[in-house]
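Peer 1: This is the structure I want to talk about, given as structure tokens.
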Amino acid sequence: MRAALWLLSLFAVAVAVALFAGNNQGTVTLYWPPYRIDLSLNLVLLLLACSFAIWHAALRALAALLELPRQARRWRQQQKERAMHGALLDALTHMLGGRFLRARKTAAAALAQEQALAASGAAATPHARQLRALAHMIAAESSHALQDRALRESHWHRALQQTPAGGSANEQELREGIQMRAAHWSLDERDPDAALERLAALSQGAARRTLALRIKLRAARLARQTQEALDTARLLGKHRAFSPDAAQSLVRSLATELIHGARDSAQLQQIWQGLESAERQMPELAIHAARQLAALGGAASQVRAWLLPVWERMLEQPGALTDQHALMLVQTLEAAGLDALDAAWLARIESAQQAQPRDARLQYLAGMACLKHQLWGKSQQLLTQASQQLTDASLRASAWRHLAELAEQRGDDSAAASAWKKAAGKALEEP
Numbered sequence: 182m183r184a185a186l187w188l189l190s191l192f193a194v195a196v197a198v199a200l201f202a203g204n205n206q207g208t209v210t211l212y213w214p215p216y217r218i219d220l221s222l223n224l225v226l227l228l229l230a231c232s233f234a235i236w237h238a239a240l241r242a243l244a245a246l247l248e249l250p251r252q253a254r255r256w257r258q259q260q261k262e263r264a265m266h267g268a269l270l271d272a273l274t275h276m277l278g279g280r281f282l283r284a285r286k287t288a289a290a291a292l293a294q295e296q297a298l299a300a301s302g303a304a305a306t307p308h309a310r311q312l313r314a315l316a317h318m319i320a321a322e323s324s325h326a327l328q329d330r331a332l333r334e335s336h337w338h339r340a341l342q343q344t345p346a347g348g349s350a351n352e353q354e355l356r357e358g359i360q361m362r363a364a365h366w367s368l369d370e371r372d373p374d375a376a377l378e379r380l381a382a383l384s385q386g387a388a389r390r391t392l393a394l395r396i397k398l399r400a401a402r403l404a405r406q407t408q409e410a411l412d413t414a415r416l417l418g419k420h421r422a423f424s425p426d427a428a429q430s431l432v433r434s435l436a437t438e439l440i441h442g443a444r445d446s447a448q449l450q451q452i453w454q455g456l457e458s459a460e461r462q463m464p465e466l467a468i469h470a471a472r473q474l475a476a477l478g479g480a481a482s483q484v485r486a487w488l489l490p491v492w493e494r495m496l497e498q499p500g501a502l503t504d505q506h507a508l509m510l511v512q513t514l515e516a517a518g519l520d521a522l523d524a525a526w527l528a529r530i531e532s533a534q535q536a537q538p539r540d541a542r543l544q545y546l547a548g549m550a551c552l553k554h555q556l557w558g559k560s561q562q563l564l565t566q567a568s569q570q571l572t573d574a575s576l577r578a579s580a581w582r583h584l585a586e587l588a589e590q591r592g593d594d595s596a597a598a599s600a601w602k603k604a605a606g607k608a609l610e611e612p
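Residue numbering for the sequence shown follows our numbering, beginning at 182 and increasing consecutively.
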């Protein structure tokens, strides 16, 4: 369509010129004494057009001739810049390919070419700082792989000098990346304090990035800073750096480690209050915290208060707790002291045993509660039923041991001897 329009326009111009030139009777007379020159107007117009074209072409040719030296300099500068960028790309390729010596030498060659280009007086490359910083970082990374710490630190400091803190946005991003790499090097050298120190130099926004948080998590765990590692793991979970299951498992592991590190009950209660609500609802954490509190001599009522959500969850969702956690729950309640149970807990245990009469662990717990409250007959009945179904050797041994004591109280020596024998046999089965 466009070609057709141009063709029509060309025909229109040709027709207009033919009409003007064909009927034009005008003349131009030049007087140059003693001569007189008569020219047609069409010829004069044609000569003027040709003169303009010739002068224009001559001026363009002269400008091109005068431009040749500058174009030659520009070409040489472009060749040097291409060689510099090519050397930088080669250095990066060698580094990624594991040829660290070649990468370091090629990065040094790129820096030398950049210095020669700057010394030649040519126009500065717009991204010269970033280029120098990247070349120094490639050399530093290669030196780190070659375990040349002195040269690595030298190139790292030079890279930082090329990216000042008050530079452009790209330079600031590059500076933060340089600092993160340095923190990663410190982790490789098992120096978590240096890694945390370098991460602390980052801006607030950069410190909350996923890469920085991953490095911080590793450094905090290596430095045994469990609380810092836990806070970092929570942030990573919110940033979706891990899958939900992996994030929950990591938080649970760190919180358990923090709980086991408590030195007294007051510190443990402070740690427990510092956990998030969702974390306190985790059965594993609640059971571990309660067991640790009981081991540290904490109040039995506090132990049972921490276990209450887990107990309610076990009753509402029978399959929510694994067999191991259900066993640990029963053992922790027993360790907290069943003789001081209030009426509410006695009612909970009794209703749970009646609701799940086939659960041997609940039968054992109810039997021990009855035993502590001197309900001998009911205790003997529940413990006898539980001893036949319990799969845990320690609980079976405990059930038979208490049945032996009850038999001795009744004066049934044969039953007591049989129970003691079974208790000893079950005790030998414990790992």
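Glycine is no exception: its CB is placed at the ideal position from the N, C-alpha and C atoms.
According to DSSP, is residue 219 helix, strand or coil?
Peer 2: strand
Peer 1: What residue range does the beta strand (DSSP E) around residue 211 cover?
Peer 2: Residue range 208-213 is occupied by the beta strand (DSSP E) that includes residue 211.
Peer 1: Sort 584, 380, 506 and 535 by Cα distance to residue 398 and report the nearest one.
Peer 2: 380
Peer 1: Leaving out five residues on either side along the sequence, give the residues of the same chain with a beta carbon under 7 Å from the beta carbon of residue 508.
Peer 2: 542 and 573
Peer 1: Can you list the alpha helix (DSSP H) stretches of 4 or more residues lying completely in the region 466-542, in chain order?
Peer 2: 481-497, 504-517 and 524-536
Peer 1: Name the residue from 372, 371, 370 and 422 whose alpha carbon lies nearest to the alpha carbon of residue 393.
Peer 2: 422
Peer 1: Any contact of the region 519-529 with the region 557-566, i.e. 3+ C-beta pairs under 8 Å?
Peer 2: no
Peer 1: Could you round the C-beta distance between residue 364 and residue 346 to whole angstroms and report it? I think they count as a contact, below 8 Å.
Peer 2: The Cβ separation is near 17 Å, so there is no contact.
Peer 1: Hey, could you find the ends of the alpha helix (DSSP H) residue 347 is sitting in?
Peer 2: Premise fails: residue 347 is in no alpha helix (DSSP H) and is neither H nor E.
Peer 1: How many whole angstroms separate the CB atoms of residue 391 and residue 417, which I take to be in contact at a CB cut-off of 8 Å?
Peer 2: Contact between residue 391 and residue 417 is confirmed by a C-beta separation of about 7 Å, below the 8 Å threshold.
Peer 1: Closest by CA to residue 478, which one among 450, 503, 431 and 505?
Peer 2: 450
Peer 1: Please report the straight-line C-alpha distance between residue 186 and residue 196, rounded to a whole angstrom.
Peer 2: 15 Å
Peer 1: If I measure Cβ to Cβ from residue 402 and keep anything under 6 Å in the same chain, skipping five residues before and after, which residues do I get?
Peer 2: 410
Peer 1: Using the Cβ count rule (16 or more neighbours within 10 Å means buried), how would you classify residue 295?
Peer 2: A residue is called buried once 16 or more other Cβ atoms fall within 10 Å of its Cβ, and residue 295 is buried on that count.
Peer 1: Less than 9 Å between the C-beta atoms of residue 537 and residue 496, yes or no?
Peer 2: yes
Peer 1: Please classify residue 194: is it buried, with 16 or more other beta-carbons within 10 angstroms of its beta-carbon, or exposed?
Peer 2: exposed
Peer 1: Is there contact here, the region 512-519 with the region 544-552, by at least three beta-carbon pairs under 8 Å?
Peer 2: yes
Peer 1: So for residue 372, helix, strand or coil by DSSP?
Peer 2: coil
Peer 1: As a quick exercise: from 277, 299 and 584, pick the residue whose alpha carbon is nearest that of residue 603.
Peer 2: 584
Peer 1: Alpha carbon to alpha carbon, what distance is there between residue 430 and residue 608?
Peer 2: Low confidence applies here, because residue 608 scores a pLDDT of 45, under 50, leaving its location unreliable and the question unanswered by this model.
Peer 1: Could you have a look at residue 276 and say whether DSSP puts it in helix, strand or coil?
Peer 2: helix
Peer 1: Could you check if residue 325 is buried or exposed, using at least 16 other CB atoms within 10 Å of its CB as the buried criterion?
Peer 2: buried
Peer 1: When you compare only the Cα positions, how much space is there between residue 221 and residue 240?
Peer 2: 29 Å
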